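Student: I have a structure here, written as structure tokens, and I will follow up with some questions on it.
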Amino acid sequence: MLDNKSVLITGGTGSFGKQFLKTILTRYPAVKRIALYSRDELKQFELRQQYPRSEYPQLRFFIGDVRDRRRLKKACENIDIIIHTAAMKQVDTAEYNPGECILTNITGAENVIDCAIECGVSDVVALSTDKACAPINLYGATKLVSDKLFTAANNIRGKSDIRFSVVRYGNVMGSRGSVIPFFMRKKKEGKLPITHPDMTRFNISIQDGVNLVLFALTNHLGGEIFVPKIPSYRILDVAKAIAPEAELEIVGVRPGEKIHEEMITTTDSLSTIDLGKYYAILPSVAINISREQYLAHHGGTFVEPGFHYNSGENSEWETVESLRKEIRECLSPDCIL
Numbered sequence: 056m057l058d059n060k061s062v063l064i065t066g067g068t069g070s071f072g073k074q075f076l077k078t079i080l081t082r083y084p085a086v087k088r089i090a091l092y093s094r095d096e097l098k099q100f101e102l103r104q105q106y107p108r109s110e111y112p113q114l115r116f117f118i119g120d121v122r123d124r125r126r127l128k129k130a131c132e133n134i135d136i137i138i139h140t141a142a143m144k145q146v147d148t149a150e151y152n153p154g155e156c157i158l159t160n161i162t163g164a165e166n167v168i169d170c171a172i173e174c175g176v177s178d179v180v181a182l183s184t185d186k187a188c189a190p191i192n193l194y195g196a197t198k199l200v201s202d203k204l205f206t207a208a209n210n211i212r213g214k215s216d217i218r219f220s221v222v223r224y225g226n227v228m229g230s231r232g233s234v235i236p237f238f239m240r241k242k243k244e245g246k247l248p249i250t251h252p253d254m255t256r257f258n259i260s261i262q263d264g265v266n267l268v269l270f271a272l273t274n275h276l277g278g279e280i281f282v283p284k285i286p287s288y289r290i291l292d293v294a295k296a297i298a299p300e301a302e303l304e305i306v307g308v309r310p311g312e313k314i315h316e317e318m319i320t321t322t323d324s325l326s327t328i329d330l331g332k333y334y335a336i337l338p339s340v341a342i343n344i345s346r347e348q349y350l351a352h353h354g355g356t357f358v359e360p361g362f363h364y365n366s367g368e369n370s371e372w373e374t375v376e377s378l379r380k381e382i383r384e385c386l387s388p389d390c391i392l
């Protein structure tokens, strides 16, 4: 799939970008070129030490921001596939800096779409979040707009043979900014702050997130939002897995935060097909592809009307033991619980 292809990863020095890079190099040794595009020069420097040019001549590092259309277009030249991960992701930061979040998450998405079409890219997959589903905070709202831009981009591609799709998933185990590294730091104090005792979240490993993107690249017609079937966890179980002896302090739900997350709403169910391991939400407006063509291509069946996918009503759950095992695997050896 990626052999002899050139791939651009926006936000390429983040948690996902680094795992995607590692996976590509392992599974597709004949990949032609991998361009990592990000604005963090320190992380690029660190990655260059890990992947020296003498051993990995196919790697390219671009300092740049998705807000900068001119620079982004230069990075898109001779690219076949774009994986768009760059975003402002912190809920509280977005609430305090709304204009900056809009520029990165919405204007940046528009720039990726325009540059991809102009540069003759064949496939674009954009990463989204469960917070884009029925959003109540600015971050989720900007990602919903971004999702709409990418799914609608298939209608404005003209003669370009390009496909845009989106993948949406929940919290990534141990990723930067997630609750697990935060709890790991706090357990040294003997007290863990809990926002709400009933809080739940969807849980996915970084590798499963990579696998979902590769599935989308292999299977998309354009316009789909792919959603994985993944377990949920209870925040209290995460606390027990990390620091069972710690005192729990209820601090209250933060502004813009939900008790339970959702990835498919009841309204989405009217356009959602079950693919077995994944769901696919079909676009509300698709000029070039009919519902019948999507079904013929993907197989599967439409979910029941009224279906919704909510972290608090999930049928699959992590346990304290399964969480403890996964945390051990995703953290460095000196962080064994």
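This note's numbering numbers the first residue of the sequence shown as 56 and each following residue consecutively.
Where is the CB? At the ideal position from N, CA and C, for every residue including glycine.
Owing to the predicted nature of the structure, the values given are computational and were not obtained by experimental measurement.
1. Use the C-beta contact count for Phe219: other C-beta atoms within 10 angstroms, 16 or more gives buried, fewer gives exposed.
2. Is Leu57 buried or exposed, if buried means 16 or more other CB atoms sit within 10 Å of its CB?
3. Rounded to whole angstroms, what is the Cα-Cα separation between Met239 and Leu80?
4. Can you tell me which of the three DSSP states Met56 falls into?
5. How would you write the range of the alpha helix (DSSP H) that Glu347 sits in, first residue to last?
6. CA-CA distance, Gln105 and Phe71?
7. Are Leu182 and His139 close, meaning C-beta to C-beta below 9 Å?
8. What does the alpha-carbon distance come out to for the pair Arg103 and Leu247?
9. Have a look at the DSSP bridge pairing and note the partners of Phe237.
10. In whole angstroms, what is the alpha-carbon distance linking Ala294 and Gly119?
11. Please check the pair Val375 and Ala296, which I expect to be a contact at CB under 8 Å, by giving their CB distance rounded to whole angstroms.
12. Tell me which residue opens and which closes the alpha helix (DSSP H) that Ser201 is part of.
13. Would you mind listing the beta strand (DSSP E) stretches within the segment 69–116 that are 3+ residues and don't spill past its ends, in chain order?
14. Which residue's Cα is closest to the Cα of Asp202: Pro107, Ile280 and Val340?
15. Given this structure, state the Cα-to-Cα distance separating Cys131 from Ser370, to the nearest angstrom.
16. Let me check understanding here. Comparing Cα to Cα, which of Gly213, Lys186 and Lys198 lies closest to Gly225?
17. According to the neighbour-count rule (16 or more other Cβ atoms, all chains shown, within 10 Å of its Cβ), is Leu97 buried or exposed?
18. Does the Cβ-Cβ distance between Ile261 and Val227 come in under 9 Å?
19. How would you label Tyr15, buried or exposed, when you count the other beta carbons within 10 angstroms and need 16 or more for buried?
20. From Ser366 to Ile249, what distance separates their C-alpha atoms?
21. Taking all protein chains shown into account, decide if Asp216 is buried (16 or more other Cβ within 10 angstroms of its Cβ) or exposed.
22. Assuming Ser160 contacts Lys198 under a Cβ cut-off of 8 Å, what Cβ separation, rounded to an integer in Å, is found between them?
23. Compute the minimum distance between the beta carbon of Glu312 and the heavy atoms of the ligand MG, and state whether it is under 8 Å.
24. Please go through the same chain and pick out, in chain order, the residues whose beta-carbon is closer than 7 Å to the beta-carbon of Asp389, but skip the five residues on each side of it.
25. Which residues in the same chain have their Cβ closer than 7 Å to the Cβ of Ala208, if we skip the five residues on either side of it in sequence?
Tutor: Looking at the atomic coordinates:
1. As a working note, residue 219 is residue 164 in the sequence shown. Classification of Phe219: buried, given that the 10 Å Cβ count is 16 or more.
2. Mapped onto the sequence shown, residue 57 falls at position 2. Leu57 is buried by the Cβ-count criterion.
3. Numbered from 1 along the sequence shown, position 184 holds the residue referred to as residue 239. Numbered from 1 along the sequence shown, position 25 holds the residue referred to as residue 80. Cα to Cα, the separation comes out at about 31 Å.
4. Walking along the sequence shown from the start, residue 56 turns up at place 1. Residue state, collapsed to three classes: coil.
5. Within the sequence shown, the letter at position 292 stands for residue 347. Glu347 -> alpha helix (DSSP H) spans Arg346 to His353.
6. Here the question's residue 105 lines up with position 50 in the sequence shown. Here the question's residue 71 lines up with position 16 in the sequence shown. Near 16 Å, if we compare the C-alpha coordinates of Phe71 and Gln105.
7. Against the sequence shown, residue 182 aligns to sequence position 127. Against the sequence shown, residue 139 aligns to sequence position 84. Yes.
8. On the sequence shown, residue 103 is found 48 positions in, with the first residue counted as 1. On the sequence shown, residue 247 is found 192 positions in, with the first residue counted as 1. Rounded to whole angstroms, Arg103 to Leu247 spans 37 Å at the Cα level.
9. What you label residue 237 is simply residue 182 of the sequence shown in a count that begins at 1. In DSSP, Phe237 forms no bridge with anything.
10. Taking the sequence shown and counting its residues from 1, the one referred to as residue 294 is at position 239. Taking the sequence shown and counting its residues from 1, the one referred to as residue 119 is at position 64. If I take the Cα positions, the gap works out to 38 Å.
11. The residue labelled residue 375 in the question sits at position 320 within the sequence shown. The residue labelled residue 296 in the question sits at position 241 within the sequence shown. Between Ala296 and Val375 the Cβ distance is about 5 Å, and since that is below 8 Å, they are a contact.
12. Along the sequence shown, read from residue 1 onward, the residue named residue 201 stands at position 146. Segment Leu193 to Ala207, the alpha helix (DSSP H) holding Ser201.
13. 88–93
14. Start at 1 with the first residue of the sequence shown, and residue 202 comes out as number 147. If we check each option's Cα against that of Asp202, Ile280 comes out closest.
15. For the purposes of this step, residue 131 is taken as the residue at position 76 of the sequence shown. For the purposes of this step, residue 370 is taken as the residue at position 315 of the sequence shown. Rounded to whole angstroms, Cys131 to Ser370 spans 42 Å at the Cα level.
16. Indexing the sequence shown from 1 puts residue 225 at position 170. The option with the nearest alpha carbon to Gly225 is Lys186.
17. If you number the sequence shown from 1, residue 97 lands on position 42. Leu97 should be labelled exposed.
18. Taking the first residue of the sequence shown as position 1, residue 261 is located at position 206. Taking the first residue of the sequence shown as position 1, residue 227 is located at position 172. Result yes, Cβ atoms of Ile261 and Val227 sit closer than 9 Å.
19. An answer regarding residue 15 cannot be provided, because it is not within the stretch 56 to 392 covered by the chain.
20. Numbered from its first residue, the sequence shown carries residue 366 at position 311. Numbered from its first residue, the sequence shown carries residue 249 at position 194. Approximately 17 Å, taken between the alpha carbons.
21. As a position in the sequence shown, residue 216 is number 161, starting the count at 1. That one is exposed.
22. The residue you call residue 160 lines up with position 105 of the sequence shown. The residue you call residue 198 lines up with position 143 of the sequence shown. Reading the sequence as shown, one finds Asn at residue 160 and not Ser. Confirmed, about 6 Å.
23. This structure does not include the ligand MG; it has no bound ligands of any sort.
24. As a position in the sequence shown, residue 389 is number 334, starting the count at 1. Bear in mind that the predicted position of Asp389 carries a pLDDT of just 41, short of 50, making it too unreliable to give a figure here.
25. The sequence position of residue 208 within the sequence shown is 153, counting from 1. Closer than 7 Å at the Cβ level, and outside the excluded window around Ala208, lie Ile168 and Phe219.
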